[in-house]
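Undergrad: Below is a structure I'd like to ask you about.
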Amino acid sequence: MAPKIPSDVALNPATIQFLDHSPKKLFINGEWVNATHSETFPTLNPADGQELTRVALASPQDVDLAVQAARQAFEKGAWGKMNGEERARLLWKVADLIDSHADELAELETLDNGKPLRISRHGDIPFAARHFRYYAGLAGKIEGSTIPVSLSDQFVYTLREPMGVVGLIIPWNFPLLMAAWKLAPALACGNTTLLKPAEETPLTALRLGELFQEAGFPPGVVNILTGPGIPTGAAIVAHMDVDKVAFTGSTEVGREIMKGAAQSNLKRVSLELGGKSPNVIFADANLSKATRGALWAVFSTAGQECVAGTRLFIERAVYDQVLDGLVAEAQKIRVGSGFTPKVHIGPLVSERQLERVSAFIANGRAAGAEIVTGGVRLGGELTSGYFLPPTIFTHQDDGLQIVQEEIFGPVVAATAFDEWDELIQRANDTRYGLAAGVWTQDIRKAHQFNHAIQAGTVWVNSYGLFDSAAPFGGYRESGFGREMGKEAIELYTQVKTVWIGI
Ligand code: NAP
Ligand code: MG
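With my numbering applied, the sequence shown corresponds to residues 26 to 527, in that order.
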């Protein structure tokens, strides 16, 4: 069946060819195979609700085949004998291949996820390539230590060894980038992997599988299993021969993953979960910069970002001024298909997500909060896609669902604060602790805020910046474990202590 590509979009021939080969297959043991029961599912374009192509649905049997391949590759194949430099060469090749196929990968990302092509092409895709290079650089630098102990006839040292077979379960908001965030360190450390992309956005992960093949990775080192959380993701979590699961997604599913690990083989778990991040503007801030910062802290990616600055605290003296500026800027944001030139934000990823976000908006309204802009699904030529405009709430109680729960849509709740203790108490009044922002010209105030806030990342006079070298992860129910930087090595290795009698 020919893919239903928007007729007004000029795509690379390679993108069309990729979509044409339908259904997309699973990548197991270095080969592209159909699912054992030949089951498939559609992946849709959220800008128009049309099916892009069909994709194999991995059953628990397929998961088992992939685990066997990964185990074999870990214990018996060429991979286990490679040194860090050899793994680095392969990772570097993948990075180069991502760069040389960036146009095509960006198109697939925008078709599948909806985000503006400019952001896919100049944000997500090059960042994924850089991430592979960063961990290529670390592959040969994973070190243990020598330990002075009280027994003088003993020489003690530690080794950092790979975990073994690791399952990587990722969400739909940054599909290729999330794959890179997990695959690059897992492979640099010498593990073999099973990657399960989100069912809404499987395409770039599958294209990445082809690039791994082209780079020359031995069979079984990277396996790609498309399918929904249940059965595919759950089968990875339940498998007795998977040594670790690294997960990014909702706190709710994070809990299921911990349960699954506890009930199977006590596999290791690391979790990157939801957030409800406070973003604070003090009266002494550069207000035009802070207003734009607060705007993009939540509305970039249509709010579908775990760090989105969804609780905006504005010091009362400048509240009206900042809010007016924010509303004016929000109304200038261009919402539309990711392929429309100069569009700022695309659709929500799925009809289910649109309904979820719309229900939160309705709940806030019913509870007495005021919508100062947005709030209503966009129609006209956008009717068939899942588009919501930037939405700003005010006059909400801190206990409301829209203030406490992760919405994952273009919705911010703005509020005024009067003094320090009140601000810190309210900013920390959440079960999450992923990130926070603060805007002030007073370095002392910024330092005090950085210490007082319960969050894994704090941005001062900026928001939403990431780098492969900078650790990232949550406090509280936003998860545990740190991705990126040297810290990620701890997620994908275990320590062996060796005692040598001398
Ligand atoms: P999700 O359900 O947590 O999904 C994340 C990944 O886990 C997907 O690959 C999903 O598969 C898989 N999964 C789902 N149930 C599973 C299970 N029982 N066992 C193993 N894997 C499972 O997130 P979502 O449904 O995409 O979004 C729901 C909400 O989660 C959002 O509205 C947002 O609040 C939050 N979220 C947070 C992040 C973040 O980065 N912190 C990212 C995405 C979503 P399928 O999706 O293929 O079923
Ligand atoms: Mg899709």
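Ideal placement from N, C-alpha and C gives every residue a C-beta, glycine not left out.
Within 10 Å of its beta-carbon, does E129 have 16 or more other beta-carbons around it, so buried, or fewer, so exposed?
TA: E129 should be labelled buried.
Undergrad: Exposed or buried, Y182, counting other C-beta atoms within 10 Å across all chains shown (16 or more means buried)?
TA: Looking at its Cβ environment, which holds fewer than 16 other Cβ atoms inside 10 Å, Y182 is exposed.
Undergrad: On a Cα-Cα basis, can you pick out the residue from G192, E111 and P303 that is closest to F242?
TA: Residue E111 is the option with its Cα nearest to F242.
Undergrad: Considering only C-alpha positions, which residue in the set A355, T135 and L142 is nearest to K367?
TA: The residue with the shortest Cα to Cα distance from K367 is L142.
Undergrad: Measuring CB to CB, does A164 end up less than 9 Å from A81?
TA: Their beta carbons are not under 9 Å apart, which means A164 does not touch A81 by this criterion.
Undergrad: If we require 4 or more residues per run, which alpha helix (DSSP H) segments fall completely within the stretch 422 to 467?
TA: Whole alpha helix (DSSP H) segments, 4+ residues: 426 to 429 and 445 to 452.
Undergrad: Nearest CA to the CA of K511: which residue from P496, F505 and R501?
TA: Ranking the options by Cα distance to K511, first place goes to P496.
Undergrad: Determine the burial state of S409: buried for a count of at least 16 other Cβ atoms within 10 Å of its Cβ, exposed for fewer.
TA: The residue in question, S409, is exposed, as its Cβ has fewer than 16 Cβ neighbours within 10 Å.
Undergrad: What whole-angstrom Cβ distance do N248 and F52 have, given they're in contact under 8 Å?
TA: Yes, N248 and F52 are in contact; Cβ-Cβ is about 6 Å, under 8 Å.
Undergrad: Indicate, with yes or no, if the ligand NAP has a heavy atom lying under 8 Å from the CB of A205.
TA: No, the ligand NAP has no heavy atom inside 8 Å of this Cβ.
Undergrad: Using the Cα positions of Y517 and L184, report the straight-line distance between them to the nearest angstrom.
TA: Spanning the two alpha carbons is a distance of roughly 13 Å.
Undergrad: Evaluate W206 with the Cβ neighbour count: other Cβ atoms within 10 Å of its Cβ, from every protein chain shown; 16 or more gives buried, anything less gives exposed.
TA: Buried, because 16 or more other Cβ atoms sit within 10 Å of the Cβ of W206.
Undergrad: Using C-beta distances below 8 Å, list every residue in its chain close to Q7, excluding the 5 sequence neighbours before and after it, in chain order.
TA: What the structure shows of the chain is the stretch from 26 to 527, and residue 7 is not part of that stretch, so it cannot be assessed.
Undergrad: By the DSSP assignment, the beta strand (DSSP E) with N388 in it spans what residues?
TA: First-last for N388: E376 to A391, but that is the alpha helix (DSSP H), not the beta strand (DSSP E).
Undergrad: Excluding sequence positions up to five away, which residues of its chain have a Cβ less than 6 Å from the Cβ of A72?
TA: If we look at A72 and ignore the five residues flanking it on each side, its Cβ neighbours are G139, S362, P372 and G410.
Undergrad: With respect to 8 Å, is the separation between the Cβ of K269 and the closest non-hydrogen atom of the ligand NAP below this value?
TA: Result no, Cβ not under 8 Å from the ligand NAP.
Undergrad: Could you check whether the Cβ of P196 sits closer than 8 Å to any heavy atom belonging to the ligand NAP?
TA: Answer for P196: yes, Cβ within range of the ligand NAP.
Undergrad: Under three-state DSSP, which class holds N248?
TA: Strand at N248.
Undergrad: Using 10 angstroms around the beta-carbon of M203, count the other beta-carbons present and answer buried if the total reaches 16, otherwise exposed.
TA: Under this definition M203 is a buried residue.
Undergrad: Hey, would you say the C-beta of K140 is under 8 Å away from at least one heavy atom of the ligand NAP?
TA: It does not: the Cβ of K140 is nowhere closer than 8 Å to a heavy atom of the ligand NAP.
Undergrad: Less than 8 Å between the CB atoms is what I'm expecting for I417 and V382, so what's the real figure, rounded?
TA: Incorrect: roughly 14 Å between the Cβ atoms, too far for contact.
Undergrad: Could I get the ranges of all uninterrupted beta strand (DSSP E) runs contained in the stretch 316 to 386, with 3 residues as the minimum, in chain order?
TA: Runs found: 336 to 340.
Undergrad: Hey, K292 and V278 are a contact pair by Cβ (cut 8 Å); roughly how many whole angstroms apart?
TA: That belief does not hold up - the Cβ atoms of K292 and V278 are roughly 16 Å apart, past 8 Å.
Undergrad: Provide the residue(s) that pair with V270 in DSSP beta bridges, ordered along the chain.
TA: Paired residue(s): G192 and V294.
Undergrad: When we look at the beta-carbon of W484 and count the other beta-carbons within 10 Å, is it buried (16 or more) or exposed?
TA: W484 should be labelled buried.
Undergrad: Please list, in chain order, all residues of the same chain as E186 whose beta carbon is under 7 Å from its beta carbon, the five residues on each side excluded.
TA: So the qualifying residues of the chain are T518, Q519 and K521.
Undergrad: Pairing CB atoms from the stretch 218 to 226 with CB atoms from the stretch 284 to 300, are three or more of them under 8 Å?
TA: No: fewer than three Cβ pairs fall under 8 Å.
Undergrad: In angstroms with no decimal places, state the Cα-to-Cα distance between P210 and P196.
TA: Roughly 18 Å separates the two Cα atoms.
Undergrad: Given that a residue counts as buried once 16 or more other Cβ atoms are within 10 Å of its Cβ, and exposed if not, what is T171?
TA: T171 comes out exposed.
Undergrad: May I ask you to report which of helix, strand or coil DSSP gives T226?
TA: If DSSP states are grouped into helix, strand and coil, T226 belongs with coil.
Undergrad: Alpha carbons only, please: which of E508, M188 and T419 is nearest the one belonging to F338?
TA: Out of E508, M188 and T419, T419 has the C-alpha closest to the C-alpha of F338.
Undergrad: So V191 packs on D268, CB below 8 Å; how close in whole Å?
TA: Going by Cβ atoms, the distance from V191 to D268 rounds to 6 Å, so yes, they are a contact pair.
Undergrad: Kindly indicate the opening and closing residues of the alpha helix (DSSP H) around R185.
TA: It is not in any alpha helix (DSSP H) - R185 instead sits in the beta strand (DSSP E) that spans Q179 to P187.
Undergrad: Quick check on the DSSP output: the beta strand (DSSP E) that includes K521 runs from which residue to which?
TA: T518 to G526 is the extent of the beta strand (DSSP E) around K521.
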